[in-house]
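Written out below as structure tokens is the structure these notes cover.
Number of protein chains: 2
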Amino acid sequence: MNSIDDIRLFLDPKSVAVIGANPNTGELAFNLVENLARWGYEGQVYPVNPAHSEVLGWKCYAEVGDIPAGVDLAVLVTPRTTIPDVIRQCGEKGVRAAVVVGQGFADAADEEGRRLQDELVEAGRRSGVRVLGPNTMGSLNPFADFSTSFLGLFDVQRRPIGVVSQSGLFFTNVGRMRLLGKAIDVGNACDVDITEALDYFAQDPEVKVVVLHIEGVRDGRRFMEVARRATRRKPVLALKTGRSEPSARAAVSHTGSLVGNDDVWNALFKQCGVVRADNLDELGDLAKAFLRLPLMKGRRVAAVSGSGGAGIMSIDACVEHGLQVADLSPATRSRLQEMSPRWHRVGNPLDLWPLVMGSPADVTKSLRTALSLLLSDRQVDGVAFFGSAWFDGLSPSLAEVIADTADAFPDKPIALSLCEGVIYDIGAEEVARKLDEAGKACVFSNPDDALRALSRLAAYAEFLRGA
Amino acid sequence: MNSIDDIRLFLDPKSVAVIGANPNTGELAFNLVENLARWGYEGQVYPVNPAHSEVLGWKCYAEVGDIPAGVDLAVLVTPRTTIPDVIRQCGEKGVRAAVVVGQGFADAADEEGRRLQDELVEAGRRSGVRVLGPNTMGSLNPFADFSTSFLGLFDVQRRPIGVVSQSGLFFTNVGRMRLLGKAIDVGNACDVDITEALDYFAQDPEVKVVVLHIEGVRDGRRFMEVARRATRRKPVLALKTGRSEPSARAAVSHTGSLVGNDDVWNALFKQCGVVRADNLDELGDLAKAFLRLPLMKGRRVAAVSGSGGAGIMSIDACVEHGLQVADLSPATRSRLQEMSPRWHRVGNPLDLWPLVMGSPADVTKSLRTALSLLLSDRQVDGVAFFGSAWFDGLSPSLAEVIADTADAFPDKPIALSLCEGVIYDIGAEEVARKLDEAGKACVFSNPDDALRALSRLAAYAEFLRGA
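As they're listed, the protein sequences go chains A and B.
With this note's numbering, letter number 57 in the first sequence gets 56, and the count goes up by one each step, no holes.
With this note's numbering, letter number 38 in the second sequence gets 37, and the count goes up by one each step, no holes.
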């Protein structure tokens with residue numbers, strides 16, 4: 000078996016033993032056996048607990064060794080002092096992968112926690128059992144209707160995203176991170192670590208974008224080697240926390256991680272082509288952008304808006320994020336000028352209002368024409384559109400125009416931000432939802448977020464070109 | 000009449016002449032007369048247009064001079080070349096305030112636009128007519144069910160916020176700026192300008208927070224004088240756009256503004272105690288924070304979370320925004336330690352999970368106790384809570400605990416960010432909505448935004464103390 004096969008046991012086991020299973024039911028029971036049934040997991044489930052002969056209709060075994068068939072994965076929810084022994088029993092049974100859910104190991108303040116973690120690592124190594132955790136939600140694989148999470152799961156879909164985290168937080172939907180796909184929470188990372196999980200997702204054909212939440216890694220050189228290979232295959236995004244001295248201290252007590260200097264991490268990410276996000280919302284924005292949008296081949300942006308004030312904000316964001324304000328070609332300029340009142344001089348940013356105010360009913364037609372002109376321009380690498388969702392009441396709808404245009408220009412990204420509908424009740428969220436479904440363009444909360452996303456698409460393209 | 004009375008005419012007129020009114024109806028007619036009826040404006044409305052004898056049931060007059068009663072405000076929607084003449088007619092009629100909606104003046108590329116703006120300014124000055132615009136949505140006053148906006152209005156409520164903008168964008172709901180109260184769009188600011196509108200809102204008892212969108216001001220010294228007075232009375236927040244050379248150029252063509260160097264603006268805002276926001280979402284966040292939360296008396300934050308990983312993110316944001324990680328007093332520490340398993344050492348950030356995992360049903364009780372302990376601590380000036388909305392399914396609900404706690408500690412702000420519910424369908428948005436209604440605490444999109452808001456509350460308190 001190699002590392003890839005090992006990690007697959009955590010994400011796609013054909014049979015699972017839940018050691019420490021109990022018959023409690025209901026949402027506050029945090030009962031993994033019940034969760035697995037609810038999620039429709041189709042593999043074998045073997046509850047293990049000497050105190051029960053049955054758990055929720057499944058036969059319950061006193062020990063893992065009593066299970067009369069092979070077991071791919073064991074999930075351990077017994078008290079911390081029992082864990083090393085249970086790992087050894089797993090090894091004897093031939094179970095090759097174990098998730099240790101509980102806390103109180105290297106994350107604890109006491110000596111015993113550290114000792115117990117050392118002991119369980121040793122037990123795993125000697126018994127041939129790979130260990131995920133401790134202090135972890137474990138794994139999540141919507142493609143197999145499987146998770147070891149003791150919490151319920153929310154809005155889980157078969158998204159081609161692989162999340163590697165050091166916190167169960169990522170098994171919930173937090174901020175704009177509504178993009179859970181497969182996930183591995185390495186917790187204290189006593190054995191399976193971020194690097195190994197990254198390596199797995201880099202090679203997983205069901206994963207198109209890898210998202211990392213890093214507090215620290217133990218072997219920086221190995222992480223770099225793997226990250227460098229991974230980013231050649233697919234985008235790798237990272238939220239690195241524990242950036243300052245007080246938060247780094249907190250990280251040590253959270254997962255026992257070695258955190259490292261933040262500047263070193265910046266340099267490392269840059270060298271490896273890992274795209275860094277500074278907070279959770281940025282991470283969610285970038286995951287969406289890299290999943291849906293084409294890379295940006297250069298840094299030249301055309302900014303279109305339904306308001307002059309909004310256009311100026313877009314240009315501010317453009318410059319802030321190291322993008323360039325595209326110098327529109329004379330042909331584009333003159334075509335746009337023909338659509339405008341005589342007194343108005345078109346430019347970049349392009350304010351659509353003077354172009355449409357004479358015939359507001361034609362606004363989507365004008366928008367379609369303007370977007371096509373900009374995207375056809377060889378001086379433009381991508382478009383930021385800051386518009387109003389009230390266009391959507393018109394026909395054809397804003398969402399349709401954007402989706403059509405994205406189809407027609409698959410090589411240039413369109414990043415949107417929208418203000419609320421002011422005439423119709425169809426609001427910005429509705430347009431965003433429609434575009435989400437079409438999967439062709441991304442809506443961000445404001446121009447700053449939209450332009451940041453475009454800049455990261457440009458930076459990753461530069462990395463791939465060796466620029 | 001003084002400036003205050005002048006501005007009041009734009010926001011709270013008892014009678015309005017709509018010059019250039021037409022009988023078109025429907026949402027794409029942008030018919031102000033129809034809008035006013037729809038919004039329930041109770042003042043007099045006088046359509047003016049020589050081509051019609053009636054507009055939507057109102058008698059229509061050929062000229063403003065024909066109206067048989069006094070008129071507080073005229074809204075001009077006639078072609079640009081007619082505007083100086085119509086302003087003169089307004090003056091003769093005794094109308095002392097006029098909104099010029101149309102574009103094509105100093106915002107235009109042609110000489111005629113500039114000449115027409117000069118001419119209308121001169122006409123207003125000689126006739127005693129104050130002019131708002133041109134190139135403007137005009138005014139909005141939900142307290143009087145009044146607006147000169149030709150667009151529909153969305154989610155307008157009587158919020159104690161005064162918005163001064165150079166873009167109609169702010170009459171829509173954009174990003175997180177869902178906090179429209181009264182608003183004045185100065186447009187090209189040929190007469191009524193940002194400074195005068197700021198001065199008005201600073202003295203308006205219905206306004207508690209002033210929000211500025213600035214592309215540029217003509218008289219920096221006067222702006223500073225007024226801003227310095229205003230910030231002593233109430234918080235003034237500003238989004239200054241046109242920050243870079245290309246966006247400043249765009250601003251000149253948008254509203255003909257003089258934009259100025261961004262560093263100069265930073266220094267100016269700091270000296271005047273104006274709180275700067277870097278983008279639209281920040282502006283919305285800060286408006287909410289200053290409206291709902293008490294100021295922060297110092298910079299010491301206690302961060303509470305339902306996840307160790309989230310606590311570390313909170314501390315990262317704390318340091319990033321110049322706040323301090325509070326050193327909890329021994330008494331607080333020992334009370335919290337009593338709630339924890341023996342192996343866990345409590346600290347700041349405080350991870351609630353080890354405190355509650357033994358009895359998850361008591362989670363809101365534990366949260367209530369922990370929050371009270373932290374807020375009672377004299378070493379703590381404010382609390383950032385990053386929790387999970389799944390708590391809300393329990394009784395009493397998360398929203399209730401937070402609102403109660405905010406009531407009990409009215410002098411210290413609580414800033415929240417929430418991940419989605421993972422058990423219950425009651426999600427983060429529902430909790431945020433409940434807290435919005437209670438008006439006691441603020442929910443932000445992520446810890447970074449929550450801590451940024453706290454830092455601005457601390458900075459403004461320092462300004463008021465003369466620190």
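Where is the CB? At the ideal position from N, CA and C, for every residue including glycine.
Leu-450 of chain B and Ser-313 of chain B do touch by the CB rule: their CB atoms are close to 7 Å apart, below 8 Å. Two segments are said to touch when three or more pairs of C-beta atoms, one from each, lie closer than 8 Å; by this definition the region 109-126 of chain A does not touch the region 144-164 of chain A. In the three-state scheme derived from DSSP, where H, G and I count as helix and E and B as strand, Leu-282 of chain B is classed as helix. For Ala-105 of chain B against Leu-75 of chain B, the beta-carbon gap comes to about 16 Å, at or over 8 Å, which does not count as contact. Of all residues in the region 277-310 of chain B, the ones placed with a Cβ closer than 7 Å to any Cβ belonging to chain A are Asn-278, Leu-279, Asp-280, Ser-306, Gly-307, Gly-308, Ala-309, Gly-310, in chain order. Here the alpha carbons of Val-303 of chain A and Gln-378 of chain A stand approximately 15 Å from one another. Following the DSSP letters along the chain, one finds Tyr-40 of chain B in no alpha helix (DSSP H), marked with neither H nor E.
By the Cβ-count criterion, Leu-463 of chain B is exposed, with fewer than 16 other Cβ atoms from all chains shown falling within 10 Å of its own Cβ.
DSSP places Gly-112 of chain A in the helix class (H, G or I) of the three-state scheme. Taking 8 Å as the upper bound on Cβ-Cβ separation, chain A lies near residues His-212, Glu-214 of the region 210-222 of chain B. Along the region 240-251 of chain B, going in chain order, the ones with a CB nearer than 9 Å to a CB of chain A are Thr-240, Gly-241, Arg-242, Ser-243, Glu-244, Pro-245, Ser-246, Ala-247, Arg-248, Ala-249, Ala-250. The C-beta separation of Cys-89 of chain B from Val-32 of chain B comes to about 17 Å, leaving the pair out of contact by the 8 Å criterion.
Counting only runs that start and end inside the region 330-403 of chain A, the beta strand (DSSP E) elements of at least 3 residues fall at 381-387.
Residue-level contact check: His-320 of chain A does not touch chain B, since none of the beta carbons of chain B fall below 8 Å from its beta carbon. Taking the beta carbon of Arg-332 of chain A as reference, no residue of chain B falls within 8 Å; the closest one sits roughly 12 Å away. The C-beta of Lys-92 of chain B has 16 or more other C-beta atoms within 10 Å across all chains shown, which makes the residue buried. Remark: fewer than three beta-carbon pairs, one from each stretch, lie closer than 8 Å, so the region 269-277 of chain B and the region 340-349 of chain A are not flagged as touching. The beta-carbon distance between Val-47 of chain A and Pro-22 of chain A, rounded to whole angstroms, is 13 Å. This is too long to meet the 8 Å contact definition. In this structure, the straight-line span from the alpha carbon of Asp-11 of chain B to that of Glu-26 of chain B is close to 25 Å. For the pair of segments examined, the region 133-150 of chain B was found not to touch the region 280-291 of chain A: the number of CB pairs separated by less than 8 Å stays below three. Bounds of any alpha helix (DSSP H) do not take in Arg-157 of chain A, whose DSSP letter is neither H nor E. DSSP, reduced to helix, strand and coil, places Gln-323 of chain B within a strand of the structure shown. Chain-order list of chain B residues neighbouring Leu-168 of chain A: Ser-306, Gly-308, Ala-309, Cys-418, by C-beta distance under 8 Å. Taking C-beta atoms as the reference points, Ala-229 of chain B and Ala-201 of chain B count as a pair closer than 8 Å. Of the residues A:Gln-323, A:Ala-407, A:Pro-204, the one whose Cα lies closest to the Cα of Pro-293 of chain A is A:Ala-407. Inter-residue distance for Gln-116 of chain A and Phe-222 of chain A is about 22 Å (C-alpha atoms, whole angstroms). Using a Cβ-Cβ cut-off of 8 Å, Thr-368 of chain B does not count as an interface residue toward chain A, since no Cβ of chain A sits closer than that to its own. Sixteen is the threshold: since fewer than 16 other Cβ atoms of the shown chains lie within 10 Å of the Cβ of Ala-68 of chain A, the residue is exposed. Taken through DSSP and simplified to helix, strand or coil, Pro-234 of chain B comes out as coil.
The shortest C-alpha to C-alpha distance from Ala-437 of chain B to any of B:Ala-402, B:Pro-409, B:Asp-192 is the one to B:Ala-402. Contact with chain A is absent for Asp-117 of chain B, since none of that chain's Cβ atoms lies less than 8 Å from the residue's Cβ. In this structure, Met-295 of chain A lies near Ala-460 of chain A, with their beta-carbon atoms less than 8 Å apart. Put simply, of A:Phe-384, A:Gly-132, A:Val-382 the residue whose alpha carbon is nearest the alpha carbon of Pro-83 of chain A is A:Gly-132.
Val-54 of chain A is bridged by DSSP to A:Trp-57. For Asn-140 of chain A, the enclosing beta strand (DSSP E) has its first and last residue at 137-140. When the five nearest sequence neighbours on each side are left out, the beta carbons in the same chain lying within less than 6 Å of the beta carbon of Gln-102 of chain A are those of Asn-134, in order along the chain.
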